[in-house]
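Data block below; observations after.
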Amino acid sequence: MIFWRVKPLEQILANAEKKSLKRQLGPWQLTMLGIGAIIGTGIFVLTSVAANSAGPAMMISFVIAAVVCGLAALAYAELASMVPVSGSAYTYSYAVMGELVAWIVGWALVLEYAVAAGAVAVGWSGYMHGILREIGIHLPATLMAGPFDTITLEDGSTVQGSFNVLAFAISLLIMVLLVLGTSKSAKFNAVLVFIKLAALGLFIALALPAIDGANFQPFMPNGFFANEQEIAGSVLTVGVTAAAATIFFAYVGFDAVSTAAEETVNPNRNMPIGIIGSLGICTIIYLLVAAAATGTVGAQPGGELAMSKEPLAFVLREIGYPWIGTLVAVAAGLALPSVILMMMYGQTRIFFVMSRDGLLPERLSVVHPRFHTPHVITIITGVGVSVFAALFPVRMLADISNSGTLFAFAMVALAVIILRRTQPDRPRAFRVPAAWLVCPLAIFGCVFLFLNLSGHTELLFLYWTLLGLVVYFLYGYRK
Numbered sequence: 521m522i523f524w525r526v527k528p529l530e531q532i533l534a535n536a537e538k539k540s541l542k543r544q545l546g547p548w549q550l551t552m553l554g555i556g557a558i559i560g561t562g563i564f565v566l567t568s569v570a571a572n573s574a575g576p577a578m579m580i581s582f583v584i585a586a587v588v589c590g591l592a593a594l595a596y597a598e599l600a601s602m603v604p605v606s607g608s609a610y611t612y613s614y615a616v617m618g619e620l621v622a623w624i625v626g627w628a629l630v631l632e633y634a635v636a637a638g639a640v641a642v643g644w645s646g647y648m649h650g651i652l653r654e655i656g657i658h659l660p661a662t663l664m665a666g667p668f669d670t671i672t673l674e675d676g677s678t679v680q681g682s683f684n685v686l687a688f689a690i691s692l693l694i695m696v697l698l699v700l701g702t703s704k705s706a707k708f709n710a711v712l713v714f715i716k717l718a719a720l721g722l723f724i725a726l727a728l729p730a731i732d733g734a735n736f737q738p739f740m741p742n743g744f745f746a747n748e749q750e751i752a753g754s755v756l757t758v759g760v761t762a763a764a765a766t767i768f769f770a771y772v773g774f775d776a777v778s779t780a781a782e783e784t785v786n787p788n789r790n791m792p793i794g795i796i797g798s799l800g801i802c803t804i805i806y807l808l809v810a811a812a813a814t815g816t817v818g819a820q821p822g823g824e825l826a827m828s829k830e831p832l833a834f835v836l837r838e839i840g841y842p843w844i845g846t847l848v849a850v851a852a853g854l855a856l857p858s859v860i861l862m863m864m865y866g867q868t869r870i871f872f873v874m875s876r877d878g879l880l881p882e883r884l885s886v887v888h889p890r891f892h893t894p895h896v897i898t899i900i901t902g903v904g905v906s907v908f909a910a911l912f913p914v915r916m917l918a919d920i921s922n923s924g925t926l927f928a929f930a931m932v933a934l935a936v937i938i939l940r941r942t943q944p945d946r947p948r949a950f951r952v953p954a955a956w957l958v959c960p961l962a963i964f965g966c967v968f969l970f971l972n973l974s975g976h977t978e979l980l981f982l983y984w985t986l987l988g989l990v991v992y993f994l995y996g997y998r999k
């Protein structure tokens with residue numbers, strides 16, 4: 521059937537073989553690439569979300585999410601080494617499981633990239649509001665969050681938001697930069713990585729000595745498995761596993777390592793070092809940040825840390841370092857827009873490949889004659905991200921993004937198993953160790969975390985998938 525037709529790997533690789541990339545990346549470069557891609561909104565913003573869900577036990581949540589992400593990353597690396605071309609999980613699925621599955625995966629990747637970009641924009645706006653407040657600029661409270669979110673005022677009262685104007689503005693600005701063709705150099709990326717690591721290092725150095733063991737009790741106030749509780753006037757899905765499902769967002773970005781397989785020296789050795797190394801280092805950083813934040817001001821659900829829009833800056837201000845707290849907020853303000861840019865860029869790239877394959881209108885892959893960028897799909901993506909960011913809270917956006925990401929990662933792990941069976945002799949620059957154990961565990965982990973997302977998030981993913989199927993049958997499959 522047409523729905524199950526695959527695009528042979530030979531055909532996918534034909535264009536890639538015309539241009540050979542130089543193998544020059546070693547384990548250190550790959551690890552730094554991964555750290556730079558992973559550290560972002562997840563740790564700067566979702567620390568408060570995790571506190572609201574798991575309390576001090578959010579440290580266990582960080583470990584659970586890291587393990588699942590690591591398993592999926594290994595599967596991703598094998599396919600990236602076999603199919604080093606654009607399209608990410610969409611292309612892999614097209615080559616292995618057919619057009620219909622590829623379409624569903626590509627449609628799900630909209631959640632991974634576009635919705636995630638909106639989540640980062642909302643996280644950035646929280647820190648920018650804190651900076652503006654410190655210098656005496658106070659925006660109307662209703663313009664500091666979307667209609668599905670609340671803002672806690674200085675007197676402790678809460679106000680319902682209406683439109684997150686800063687998140688909306690930064691998303692549109694990034695869209696304009698992408699249309700104009702603005703790109704970041706490796707040196708600029710290195711500077712941003714340094715800023716992020718320096719900010720987190722400074723936070724850890726100042727907050728760890730101020731830890732009070734009493735703040736870790738009760739350690740697991742909402743239990744281990746996902747359950748619903750009313751916190752601060754809202755019914756939330758909470759628990760250690762629910763927090764892990766949300767925190768998964770903090771680790772997404774490792775695919776920047778796996779997609780560098782074609783440029784890696786000795787990929788069989790260096791790819792797992794880069795992937796596991798970056799995930800391991802980020803996990804240690806995350807655990808130290810979580811421990812420092814919890815031990816200094818407490819992390820009980822509904823508490824001040826849990827309700828903060830700028831948790832790390834809030835902690836430093838609370839323990840007597842207001843100016844350094846502002847510096848950390850500035851560091852987040854400088855570094856997070858680059859994450860928005862990369863996620864929006866990734867989304868336009870996925871849509872571009874799908875349009876080129878005929879599954880979306882050819883008009884979407886038109887390149888601007890002056891700026892040489894796919895401006896049509898970039899504008900559509902930018903407007904969509906801006907609307908997401910203006911209306912929805914960061915937790916909702918992160919969970920929705922995770923639903924699409926977890927589905928795509930599970931399909932990648934399944935594709936590795938299928939290819940091991942159907943094409944066992946095909947050259948693989950990197951092979952998943954113990955693939956028949958690692959890949960099923962990756963699938964199980966992704967499904968487990970998906971089932972620990974909130975019920976409405978799972979329904980939204982279902983509705984999004986059904987909408988994608990409608991689009992496919994009305995347009996894509998005939999093309």
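For the sequence shown, my numbering gives the first residue as 521, with consecutive numbering after it.
Ideal Cβ placement from N, Cα and C applies to all residues, glycine included.
Name the residue from the options whose alpha carbon lies nearest to the alpha carbon of residue i.
i, options, result
"F769", "E824, I920, A930", "I920"
"P947", "E598, Q749, P831", "E598"
"A833", "S568, G701, T551", "S568"
"L550", "P821, V679, S798, V625", "S798"
"A665", "V907, R890, A928", "V907"
"S601", "L989, T985, L982, V932", "V932"
"M862", "S613, G638, G626", "G638"
"A719", "M864, M874, I555, V850", "V850"
"V760", "E882, E838, L856, A577", "A577"
"T803", "G975, P738, I558", "I558"
"G701", "Y865, F736, N747, M874", "Y865"
"R771", "T925, T898, F968, S858", "The sequence shown places Tyr at residue 771, rather than the Arg named in the question. It is T925."
"W644", "N747, A910, A628", "A910"
"P738", "A593, A574, A930", "A574"
"G753", "G822, L663, A765, L961", "G822"
"A918", "P960, V835, L553, G560", "G560"
"G1035", "V642, A661, Y610, F929", "Outside the displayed range of the chain (521 to 999) lies residue 1035, so it cannot be described from this structure."
"T942", "V886, V583, V835, V616", "V616"
"Y647", "K829, L979, V886, L969", "K829"
"V936", "V886, F668, A592, F723", "A592"
"V713", "G904, S923, Y983, L856", "L856"
"V565", "D877, L969, Y806, P660", "Y806"
"L652", "G853, I563, L728", "G853"
"L939", "I563, L728, A595, A570", "A595"
"A812", "A746, N742, T757, G721", "G721"
"L726", "I801, H649, V809", "V809"
"V873", "G794, V630, V903, R789", "V630"
Strictly by DSSP, which residues pair up with residue i?
i, result
"V679", "I671"
"L545", "T784"
On the CB-based measure, 16 or more other CB atoms within 10 Å of its CB, does residue i come out buried or exposed?
i, result
"V696", "exposed"
"T893", "buried"
"A819", "buried"
"D732", "exposed"
"F871", "buried"
"T901", "buried"
"W548", "exposed"
"P889", "exposed"
"Y992", "buried"
"Q867", "buried"
"S705", "Caution is warranted here: a pLDDT of 46 is assigned to S705, below 50, making its placement in the model unreliable, and the coordinate value is therefore given only provisionally. Burial call: exposed."
"A586", "buried"
"S677", "exposed"
"Y841", "buried"
"G975", "exposed"
"Y983", "exposed"
"N922", "buried"
"H658", "exposed"
"S655", "According to the sequence as given, residue 655 is Ile; it is not Ser. So I655 ends up on the exposed side."
"E619", "buried"
"L986", "exposed"
For a test of your reading of the model: does the CB of residue i fall under 7 angstroms from any non-hydrogen atom of the ligand NAD? Yes or no.
i, result
"S778", "The model on display carries no ligand, and the ligand NAD is accordingly not part of it."
* Which runs of the beta strand (DSSP E), 3 residues or longer, sit entirely within the region 711-796? -> 747-751, 754-758
* Curious, which full-length beta strand (DSSP E) runs of at least 3 residues does the region 910-969 contain? -> none
* With a cut-off of 8 angstroms, do at least 3 Cβ pairs link the region 677-684 to the region 936-956? -> no
* To do: Can you check the region 796-858 for any beta strand (DSSP E) of at least 3 residues that lies completely inside it and give the ranges in chain order?
  => none
* To do: Would you mind listing the alpha helix (DSSP H) stretches within the region 583-617 that are 4+ residues and don't spill past its ends, in chain order?
  => 608-616
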